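Accompanying notes for the structure given below.
There are 2 protein chains.
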Amino acid sequence: MLPLKLDYRYLQPEISAASIESWQAEIDLADSRVTKGTGLGSDFLGWVDPSAIVAKDEVAQIKTLAKRIQDNSEHLVVVGIGGSYLGSRAVIEALGTGAGPEVHFAGNSLSAHYHTSLLNKISGKPYSINVISKSGTTTEPAVAFRLVRAALEAQVGKDEARKRIVATTDEKKGALRHFATQEGYDTLRIADNVGGRYSVLSPVGLLPIAVAGIDIDALLAGAIDTAAATKDAKVLSNPAAFYAAARNQLYRQGKEIEILASFEPRLHFVAEWWKQLYGESEGKDNSALFPASVDFTADLHSMGQWIQQGRRSIIETFLIVDGGEPSMTIPAGGNLDELGYLEGKELAYVGDAAYRGTALAHRDGGVPSMTIHLPELSAYSLGALLYFYERACGISGYLLGVNPFDQPGVEAYKKNMFALLGKPGSEKATTEVKARLAAQTGDTTVKFA
Amino acid sequence: MLPLKLDYRYLQPEISAASIESWQAEIDLADSRVTKGTGLGSDFLGWVDPSAIVAKDEVAQIKTLAKRIQDNSEHLVVVGIGGSYLGSRAVIEALGTGAGPEVHFAGNSLSAHYHTSLLNKISGKPYSINVISKSGTTTEPAVAFRLVRAALEAQVGKDEARKRIVATTDEKKGALRHFATQEGYDTLRIADNVGGRYSVLSPVGLLPIAVAGIDIDALLAGAIDTAAATKDAKVLSNPAAFYAAARNQLYRQGKEIEILASFEPRLHFVAEWWKQLYGESEGKDNSALFPASVDFTADLHSMGQWIQQGRRSIIETFLIVDGGEPSMTIPAGGNLDELGYLEGKELAYVGDAAYRGTALAHRDGGVPSMTIHLPELSAYSLGALLYFYERACGISGYLLGVNPFDQPGVEAYKKNMFALLGKPGSEKATTEVKARLAAQTGDTTVKFA
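Below, the structure is given as structure tokens:
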């Protein structure tokens with residue numbers, strides 16, 4: 003029995019078993035596009051079979067590299083952005099124990115403060131770098147790679163630095179591949195048919211995850227077993243198919259926002275990863291649910307009011323871990339704080355009541371919700387969850403009628419940025435953008451009098 | 003000249019200076035409700051005059067307590083949730099230098115893992131506690147206070163522990179006030195007329211902020227100067243009035259979501275604080291813009307696609323720091339990564355192009371945006387920003403037609419949770435909720451076959 007299950011009690015009355023079953027033909031079509039490559043974006047379906055994303059010898063290589071980094075480094079700087087960042091961060095924050103090298107993420111901002119603080123922290127300490135980029139020319143990671151590489155070379159010399167850098171990049175082409183070959187770095191492969199947001203279970207995610215001491219075999223096994231179980235796309239016995247159909251039905255009914263709500267702070271970056279997966283896969287052609295996330299119970303005291311009584315435009319998905327947390331009981335302490343009745347009770351018991359009370363309250367407030375349950379937070383169950391979300395996303399995107407595997411809008415800011423910076427090759431765009439900015443007349447600044 | 007300014011160039015064509023000026027009468031009315039207490043929720047306007055939230059002797063007491071904690075503690079555990087948590091965290095993450103005691107936040111989740119990790123981290127180290135609660139009976143902080151207090155007592159004994167706990171609570175009544183009196187804790191005052199989400203510039207926020215080594219006089223001065231400058235509510239010379247009018251006009255035009263976008267990772271929790279301020283103040287009566295946030299440029303590679311080409315339901319506010327960042331230049335490194343043209347340039351220069359390119363791209367994509375500029379990230383400018391947002395929120399809520407100072411929906415989950423836990427006094431609710439749950443028939447679980 004696979005660990006993950008979905009409960010749709012509080013989707014009712016908007017959604018019923020019968021209404022979801024009416025999606026079966028559309029689901030079959032959408033799922034066949036995912037499995038048979040008959041839909042848009044079919045060049046990017048390498049993630050569908052998680053047993054094939056990494057070869058056995060690649061897993062062995064990843065473990066060897068991870069062991070070496072664990073042995074010779076106190077810090078690992080992972081340089082990447084988007085799909086080269088969020089997947090490994092999500093898994094490491096969810097499952098990391100703090101043992102082994104501390105993993106830092108760079109190249110996902112242009113903040114001088116952030117990168118200065120990072121360099122100060124690792125300066126003089128033994129550290130390694132894993133630079134992750136398909137092309138090697140994405141500005142943010144390319145800038146960060148120069149910074150951390152220069153610091154490492156200054157610290158240990160060029161020859162030793164080369165031994166502490168692993169490049170995860172295109173198998174054959176691109177700037178980073180060429181640079182890695184020239185420098186003699188160890189390298190891992192980014193496959194042509196796996197897009198960034200679907201790459202967490204590939205070498206992109208697996209090396210940082212392994213360095214953090216997480217069992218990548220178990221993570222992959224959770225994904226592989228889930229992939230096998232999704233072969234049948236029957237909506238009432240396949241949570242991925244159900245989830246895809248339900249969110250599309252609610253979107254057609256006029257819902258605008260899906261909020262992913264967890265009660266476990268460690269899952270914060272799983273929600274961030276989910277936001278990229280769904281936002282980037284579906285947010286095109288002027289459509290799609292807006293993906294948002296909250297960390298409960300903290301955010302019950304911030305966004306909770308809006309969710310309970312604001313504009314009735316939202317659906318909610320609870321991500322719930324049912325067990326496996328450390329035992330922690332509420333100590334004795336009188337009853338002034340009205341906690342006497344909870345003395346000796348587990349925090350998990352109180353947390354479960356908070357979840358159930360919240361789901362009921364939000365349902366009463368007009369928010370349809372479903373719950374994804376994991377029995378515990380383990381590498382195996384998290385692997386299952388990641389694959390569940392990926393598979394459901396492919397189906398959901400096809401149900402929505404978009405290409406779930408491209409991201410044409412991401413180029414827009416880059417194009418303007420290159421124009422403003424005067425990147426060679428952008429001369430025409432530079433002229434156009436500068437002319438547009440120069441044509442902006444009139445003061446639009448509001449200052450305090 | 004106050005540091006904060008607002009640019010509305012990319013609100014055009016949806017918003018023009020003339021269209022905003024047509025709001026002047028409504029703004030005058032809304033602002034008078036804030037300043038004269040003639041609107042709903044007028045019992046909670048203590049924050050309007052930031053020079054009166056804390057008395058001079060309270061500021062002196064806060065500094066004395068902060069100095070003592072800095073001298074005798076390596077860690078400070080701040081126990082609080084919602085407004086007793088997000089404000090100080092926002093300021094400390096934005097301005098903290100890492101000097102002085104490390105500040106931790108507890109009591110904002112029911113995670114056993116989180117609290118176990120925290121106790122492991124501080125165990126055996128000298129630490130202090132600042133417990134912040136108006137009533138002292140809110141479940142999450144009450145639970146956490148028992149946990150960290152018990153650990154502290156076990157470590158240093160009850161007498162010494164009492165000297166390391168500061169309670170920020172109601173001046174006279176409530177469980178925590180009584181407990182603090184009984185135990186002889188040092189105390190700070192939560193005023194009756196300042197709600198949690200407006201309390202960052204009161205003792206609630208100021209003690210943790212001062213412990214982190216941040217200049218609370220400068221923070222307060224920024225707020226006080228901004229309060230003085232907002233006395234005139236003319237929309238074209240008052241950014242708070244302008245912001246309030248613009249977001250309401252866009253909401254009336256059908257926009258559903260406001261995204262706060264920063265390019266500086268340190269401002270992440272300022273956005274979280276803003277989400278509570280606006281979400282809790284406005285999200286009622288089935289209305290209000292949904293507040294969301296993104297951290298650019300990271301999220302240009304996750305939510306960027308949705309923002310550029312998804313459902314055209316969003317407005318965006320950029321929060322931009324124009325200067326004052328540390329110097330960090332892009333090192334030499336050939337041109338394989340296509341960065342040769344940026345060698346020797348400041349990261350801030352590239353970051354500015356990223357912001358300007360993004361604002362232009364999103365405007366082209368149909369997203370109206372405005373930008374709030376700060377000249378640098380300092381205690382003074384952040385104080386100005388916090389007050390700007392508070393003042394604008396009061397005005398905006400009145401324009402929307404809600405009470406910006408209550409949060410009736412927050413009770414709903416608590417009521418159910420108490421019922422499920424069997425809290426004394428909740429017997430009737432317990433019976434009702436259990437009957438409702440028992441009446442839920444039919445299996446609504448979807449499992450993999």
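Line by line, the protein sequences give chains A and B. If you read the first sequence in our numbering, its first letter stands for residue 3, the second for the next number, and so on. If you read the second sequence in our numbering, its first letter stands for residue 3, the second for the next number, and so on. A virtual CB, placed ideally from N, CA and C, is assigned to each residue, including glycine. Remember, predicted model here, so these are calculated numbers, not experimental data.
Could you check whether residue j and residue i sit closer than 8 Å to each other, using their CB atoms as the reference points?
i	j	result
B/His-1	B/His-77	Residue 1 of chain B is absent from the model: chain B starts at 3 and stops at 451.
A/Gln-26	B/Gly-411	no
B/Val-369	B/Glu-429	no
B/Val-196	B/Trp-308	no
B/Tyr-187	B/Val-213	no
B/Ile-316	B/Ile-374	no
A/Leu-516	B/Leu-121	The question about residue 516 of chain A has no answer here: the residues shown for chain A are numbered 3 through 451.
A/Val-448	B/Leu-31	no
A/Arg-249	A/Ser-398	yes
B/Val-79	B/Leu-208	no
B/Val-150	B/Pro-143	no
A/Ser-125	A/Pro-103	no
B/Ile-94	B/Pro-210	yes
B/Lys-236	B/Ala-243	yes
A/Ser-289	B/Arg-313	yes
Below 8 Å on C-beta distance, what does residue i contact in chain A?
i	result
B/His-117	Met-330 and Leu-349
B/Ile-83	Thr-299, Ala-300 and His-303
B/Val-145	Ile-332, Leu-341, Leu-344, Leu-349 and Val-352
B/Asp-217	Here the premise fails: no neighbours, minimum Cβ distance about 18 Å.
B/Leu-4	Lys-449 and Phe-450
B/Ser-239	Val-448, Lys-449, Phe-450 and Ala-451
B/Ser-315	Glu-258 and Phe-292
Determine the chain B residues that contact residue i at a beta-carbon separation under 8 Å, and present them in chain order.
i	result
A/His-180	Leu-338
A/Ala-231	Phe-450 and Ala-451
A/Glu-16	The contacting residues do not exist; A/Glu-16 stays about 13 Å from chain B at best.
A/Ala-294	Phe-292 and Ala-294
A/Ser-113	Phe-265, Glu-266, Pro-267, Arg-268, Glu-327, Leu-349 and Gly-353
A/Phe-244	Val-448
For residue i, which residues in chain A fall below 9 Å Cβ to Cβ?
i	result
B/Ala-68	Simply none; closest approach about 23 Å.
B/Gln-255	In chain order: nothing, as chain A lies at least about 14 Å away.
B/Glu-95	Those within 9 Å of B/Glu-95 in chain A number zero; the least Cβ separation is about 11 Å.
Quick one: what's got a C-beta closer than 8 Å to residue i's C-beta in the same chain, skipping five residues either side?
i	result
A/Ala-386	Leu-4, Pro-5, Leu-6, Gly-224, Ala-225, Asp-227, Thr-228 and Leu-376
B/Gln-278	Gly-84, Gly-85, Leu-88 and Arg-199
B/Ala-431	Lys-417, Asn-418, Phe-420 and Ala-421
A/Glu-60	Leu-190, Arg-191 and Pro-205
For residue i, verify whether its CB is less than 7 Å away from any heavy atom of the ligand COA.
i	result
B/Lys-174	As far as ligands go, the structure on display features none, and thus does not contain the ligand COA.
Can you name, in chain order, every residue of its own chain whose Cβ lies under 6 Å from the Cβ of residue i, other than the five neighbours on each side?
i	result
B/Gln-409	Glu-282
B/Ala-163	Leu-154 and Glu-155
B/Phe-407	Gly-43, Phe-46 and Gly-197
Can you name the residues of chain B whose CB is closer than 7 Å to the CB of residue i?
i	result
A/Thr-139	Asp-339 and Glu-340
A/Ile-307	According to the sequence shown, residue 307 of chain A is Gln rather than Ile. Result: Gly-281, Glu-282, Gly-285, Lys-286, Gln-409, Gly-411 and Val-412.
A/Arg-148	Ile-332, Pro-333, Gly-335 and Leu-341
Who are the neighbours of residue i on chain B, taking C-beta pairs under 9 Å?
i	result
A/Thr-360	Ala-414, Tyr-415, Asn-418 and Met-419
Keeping to the same chain, check which residues put their C-beta closer than 7 Å to that of residue i; ignore five residues upstream and five downstream.
i	result
A/Leu-269	Ala-96 and Leu-321
A/Gly-452	Only positions 3 to 451 of chain A appear in this structure, which leaves residue 452 of chain A out of reach.
B/Gly-325	Pro-377 and Glu-378
A/Thr-299	Phe-265 and Ala-356
B/Val-296	Ile-261, Ala-263 and Met-305
A/Asp-9	Met-372, Thr-373 and His-375
A/Thr-99	Gly-215
A/Lys-222	Here residue 222 of chain A is Leu; the residue named in the question, Lys, does not match the sequence. Pro-52, Leu-203 and Gly-385.
A/Ser-34	Thr-40
In chain A, which residues lie with their C-beta within 7 Å of the C-beta of residue i?
i	result
B/Ala-363	Ala-414, Tyr-415 and Asn-418
(request) Could you name the residues of the segment 398–409 of chain B whose beta carbon sits closer than 7 Å to any beta carbon of chain A, in the order they occur along the chain? (result) Gln-409
(request) Just list the beta strand (DSSP E) runs in the segment 251–318 of chain A, keeping only unbroken ones of 3 residues or longer that don't cross its boundaries, in chain order. (result) 259–264 and 292–297
(message) Tell me which residues of the segment 186–212 of chain A have at least one Cβ-Cβ distance to chain B shorter than 7 Å, keeping chain order.
(response) Listed in sequence order: no entries.
(message) Give the list of continuous beta strand (DSSP E) stretches no shorter than 3 residues that lie fully inside the segment 62–123 of chain B.
(response) 77–81 and 104–108
(request) Would you list, in sequence order, the uninterrupted alpha helix (DSSP H) runs of no fewer than 4 residues that lie entirely inside the segment 114–168 of chain A? (result) 114–124, 141–158 and 160–165
(request) List in chain order: all unbroken alpha helix (DSSP H) runs of 4+ residues lying wholly within the segment 350–415 of chain B. (result) 381–402
(request) Could you name the residues of the segment 12–40 of chain A whose beta carbon sits closer than 7 Å to any beta carbon of chain B, in the order they occur along the chain? (result) none
(message) To be precise: take each residue of the segment 423–434 of chain A, compare its Cβ to all Cβ atoms of chain B, and keep it if any distance is under 9 Å. Which residues remain?
(response) Leu-423, Gly-424, Lys-425, Pro-426 and Gly-427
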